[in-house]
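S.K.: After the structure tokens below, expect a handful of questions from me.
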Amino acid sequence: MKRWMIAAILVLMAGGAGLFWATRPNQKTEPLHVLLIPADGGTESGTLADYQPIFNAVSRNTGLTFDLKVAQSYGAVVEGMCNGAADIAFVGPVTYLQAKDRGCAELLAVAVKSGASVYYAGLFAGKDAAIATAADVRGKRVAFGDVNSTSSFVFPMTMLMDAGIDPARDLKEVRLTGSHASSLAALLQGQVDVAALSFESYEKAVRENVPGVRDVKIIARSDPIPYPPLVVNSKLPAATRDRLQSAFQNIAHEPGITPEMIRGYGGGQVDGYDAHFPAAKFNPAAQKMAMVSDALKAEILKKSAQR
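According to the UniProt record's numbering, the sequence shown is numbered sequentially starting from 1.
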């Protein structure tokens, strides 16, 4: 009997100790791994710096910690979500749809700016170039970003197609630079006649006074695109997903959070985040994605290798 009582006491003590360690306020938890598409070149001073403030704000108000890294490509983010290397990701609409179709990602939150959650892709050229519309891009040298990028590849491709241009046959030269910033740099350095990138990336370059950027003109602007979302891994525990959604939904109104901390794509200040953004609003992006077939991508990749 005494031995049974001693054993029971030891079990209770062990359980109590476990409860203590599980609930102690200073316990360090494993950080959530955040993977970011290389929208601005994949450098520490680019996309990583854009998104560090908002995750710092969420961490401050939830106690959750985050380890942010920038992937080498858009496709690498999808793979990171699907192989479990990432818990959260900042992605483009097309990248989100690719991960969603593989059952790897669910929407977490979408930034809101001036009451809307949209952004735009654009075609840009030198201000003195004899290029005024998308139709004028025929026969020109064009820089695109990553083939899985919404606003530096998919939407610009459809803009050219809508203007009657076959991108694989009617462009003189195609460069795939891997990022918005690199496509803009190719234009500024005279390597191409036209660059495809998002207006967020263009406006960021203007804010940062990138040399030569004020000598660039807008050729064409896309239809509105759903803002690049933050997504969570589908295997993340529901309790953690709910906690993250609540944090992003309310972050702009939390005490101690200043407006400068609420930032989004391109590092621009946003009003807040919508954690209840309808997934159906990404359907137009899905339709554009369908226009840019794998066969067309293969032709573009082949053309880019010929220069």
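Every residue, glycine too, gets a C-beta built ideally from N, C-alpha and C.
Would you identify the three-state DSSP class for P228, choosing helix, strand or coil?
M.R.: P228: coil per DSSP, three-state reduction.
S.K.: With DSSP as the reference, label N233 as helix, strand or coil.
M.R.: The answer is strand: DSSP assigns N233 an E or B state.
S.K.: With which residues is E203 paired in a DSSP beta bridge?
M.R.: Per DSSP, none; premise fails for E203.
S.K.: I believe L108 touches A275 by the beta-carbon criterion, under 8 Å. Please report the beta-carbon distance rounded to the nearest angstrom.
M.R.: Contact flag correct, Cβ pair sits at about 7 Å.
S.K.: Secondary structure at K127, three-state DSSP: helix, strand or coil?
M.R.: K127 falls in the coil class under three-state DSSP.
S.K.: Need the endpoints of the alpha helix (DSSP H) that E260 sits in, please.
M.R.: Counting along the chain, E260 falls outside any alpha helix (DSSP H), and DSSP gives it neither H nor E.
S.K.: Given W21, which residues of its chain have a CB within under 6 Å of its CB, disregarding the five upstream and five downstream residues?
M.R.: Caution applies to W21, whose pLDDT of 27 falls short of 50 and renders its modelled position unreliable; the model cannot decide the point.
S.K.: What number of angstroms, rounded off, separates the C-alpha of G42 from the C-alpha of F155?
M.R.: Legend: pLDDT at G42 = 49, less than 50; position of this residue unreliable, no value from coordinates given.
S.K.: Could you check whether the stretch 242-254 touches the stretch 52-60, counting it as contact only if at least three pairs of C-beta atoms, one from each stretch, sit closer than 8 Å?
M.R.: Contact between the stretch 242-254 and the stretch 52-60 is present, because at least three Cβ pairs lie under 8 Å.
S.K.: Let's test the definition: count the other Cβ atoms within 10 Å of the Cβ of L10 and tell me whether it reaches 16, buried, or not, exposed.
M.R.: Note that L10 scores 37 on pLDDT, short of 50, meaning its location in the model is unreliable and no value can be drawn from it.
S.K.: Considering only the alpha carbon of each residue, which of Q269, K235 and S304 lies closest to G80?
M.R.: Ranking the options by Cα distance to G80, first place goes to K235.
S.K.: Where does L301 land, buried or exposed, given buried means 16+ other C-beta within 10 angstroms?
M.R.: Label assigned to L301: exposed.
S.K.: Round the Cβ separation of I37 and A85 to the nearest angstrom and send it over; I've been treating them as touching at under 8 Å.
M.R.: Not really, about 14 Å apart at Cβ, beyond 8 Å.
S.K.: Using a threshold of 8 Å, state whether the C-beta atoms of A49 and H180 are closer than that.
M.R.: No. Outside cutoff.
S.K.: Find the nearest neighbour of V34 within the set A285, Q287, Q306 and L230, judged by alpha-carbon distance.
M.R.: Comparing Cα positions, the closest option is L230.
S.K.: In terms of residues, what are the limits of the beta strand (DSSP E) holding F153?
M.R.: Unbroken run through F153: none, as it is neither H nor E.
S.K.: Given that a residue counts as buried once 16 or more other Cβ atoms are within 10 Å of its Cβ, and exposed if not, what is E208?
M.R.: It counts as exposed.
S.K.: Compute the Euclidean distance between the alpha carbons of Q27 and T62, then round it to the nearest angstrom.
M.R.: For Q27, the predicted structure reports a pLDDT of 41, less than 50, and the residue's modelled location is therefore unreliable. A value from the coordinates is still provided. Each residue's alpha carbon lies about 14 Å from the other.
S.K.: Helix, strand or coil for E173, going by three-state DSSP, please let me know.
M.R.: Residue state, collapsed to three classes: strand.
S.K.: Contact defined as beta carbons within less than 8 Å: I believe Y74 pairs with G103. What is the distance between those atoms, to the nearest angstrom?
M.R.: With 8 Å as the limit, Y74 and G103 do not qualify as a contact, their Cβ atoms being about 18 Å apart.
S.K.: Quick check: the stretch 136-145 against the stretch 181-201, are there 3 or more CB pairs under 8 Å?
M.R.: At 8 Å Cβ cutoff, the stretches touch.
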